[in-house]
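Undergrad:
Residue numbers (UniProt numbering): 1 to 151.
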């Protein structure tokens with residue numbers, strides 16, 4: 001098998017991994033969807049977190065974030081308040097249980113980051129540049145494909 005086909009085969013195998021990662025995620029964060037965990041993460045690290053700030057950070061619509069936040073409120077993972085100077089806008093903060101999930105999620109992400117950094121140490125700067133270019137090109141291809149599907 002030539003190198004091109006090995007790369008495609010390896011990339012396909014990589015693309016099929018989200019199912020495995022999802023199962024691992026569900027064991028760690030039972031009953032919490034990935035988007036909810038990321039929303040909790042954003043609320044935990046954002047001062048005066050509101051729908052607009054979270055939506056911008058997560059690159060999602062305000063409507064989608066509102067739905068996620070309503071679920072998190074029902075699950076008692078977040079709470080909200082209004083400020084005296086802005087009685088219209090809701091600001092979110094983590095409950096004690098939400099804080100536990102936030103910390104666990106941060107640890108989970110930090111460990112994944114350390115694993116990736118350890119892996120990349122074995123590659124030269126030139127090799128890392130090739131990897132980066134390839135991944136950027138893959139993302140561009142997927143972005144174009146997504147836009148075509150949504151037309």
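Cβ atoms here follow ideal geometry from the backbone N, Cα and C, with glycine treated the same way.
Would you list the residues sitting across from residue 49 in a DSSP beta bridge?
TA: Position 49 of the chain shown, counting from 1, holds the residue named residue 49. Partner(s): 92.
Undergrad: Nearest CA to the CA of residue 75: which residue from 32, 55, 115 and 116?
TA: Within the chain shown, the letter at position 75 stands for residue 75. Ranking 32, 55, 115 and 116 by Cα distance to residue 75 puts 32 first.
Undergrad: Please classify residue 102 as buried or exposed, where buried requires at least 16 neighbouring CB atoms within 10 angstroms.
TA: For this step, residue 102 is matched to residue 102 along the chain shown. Buried, because 16 or more other Cβ atoms sit within 10 Å of the Cβ of residue 102.
Undergrad: How long is the line joining the alpha carbons of residue 97 and residue 109, rounded to whole angstroms?
TA: Taking the chain shown and counting its residues from 1, the one referred to as residue 97 is at position 97. Taking the chain shown and counting its residues from 1, the one referred to as residue 109 is at position 109. Computed Cα separation, rounded: 18 angstroms.
Undergrad: Keeping to the same chain, check which residues put their C-beta closer than 6 angstroms to that of residue 51; ignore five residues upstream and five downstream.
TA: Here residue 51 is taken as the residue at index 51 of the chain shown, counted from 1. Taken in chain order, the residues that qualify are 62, 65 and 66.
Undergrad: Excluding the 5 residues preceding and the 5 following residue 80 in the sequence, name in chain order all residues of the same chain whose CB lies nearer than 8 angstroms to its CB.
TA: Locating residue 80 in the chain shown gives position 80, counting from the first residue. So the list reads 69, 73, 90, 91, 92 and 93, once near-sequence residues are dropped.
Undergrad: Would you tell me roughly how many angstroms separate the C-alpha atoms of residue 7 and residue 13, rounded to the nearest one?
TA: Residue numbering aside, residue 7 sits at position 7 when the chain shown is read from its first letter. Residue numbering aside, residue 13 sits at position 13 when the chain shown is read from its first letter. C-alpha separation (whole angstroms): 10 angstroms.
Undergrad: Using the beta-carbon count (16 or more within 10 Å), is residue 55 buried or exposed?
TA: In the chain shown, the residue the question calls residue 55 occupies position 55. When all chains shown are included, residue 55 counts as buried.
Undergrad: My output table needs one value for residue 7: the three-state DSSP class, helix, strand or coil.
TA: Taking the first residue of the chain shown as 1, we reach residue 7 at position 7. Here residue 7 sits in helix by DSSP.
Undergrad: Taking all protein chains shown into account, do 16 or more other C-beta atoms lie within 10 angstroms of the C-beta of residue 129, making it buried, or fewer, making it exposed?
TA: Along the chain shown, one-based indexing puts residue 129 at 129. So residue 129 ends up on the exposed side.
Undergrad: Can you say whether residue 105 is buried or exposed, counting buried as having 16 or more other CB atoms within 10 angstroms of its CB?
TA: Counted from its first residue, the chain shown places residue 105 at position 105. Classification for residue 105: buried.
Undergrad: Which whole-angstrom value describes the C-beta separation of residue 123 and residue 131, a residue pair presumed to lie in contact below a C-beta threshold of 8 angstroms?
TA: In the chain shown, residue 123 corresponds to position 123, counting from 1. In the chain shown, residue 131 corresponds to position 131, counting from 1. The pair is a contact, with the Cβ atoms about 7 angstroms apart (cut-off 8 angstroms).
Undergrad: In or out: residue 137 buried (at least 16 other Cβ within 10 Å) or exposed?
TA: The residue labelled residue 137 in the question sits at position 137 within the chain shown. Looking at its Cβ environment, which holds fewer than 16 other Cβ atoms inside 10 Å, residue 137 is exposed.
Undergrad: How should residue 77 be labelled, buried or exposed, when 16 other C-beta atoms within 10 angstroms of its C-beta is the threshold for buried?
TA: In the chain shown, counting from the first residue as 1, residue 77 sits at position 77. Buried.
Undergrad: Consult DSSP for residue 79 and reduce its assignment to one of helix, strand or coil.
TA: On the chain shown, position 79 is the one that residue 79 refers to. In this structure, residue 79 counts as strand in the three-state DSSP scheme.
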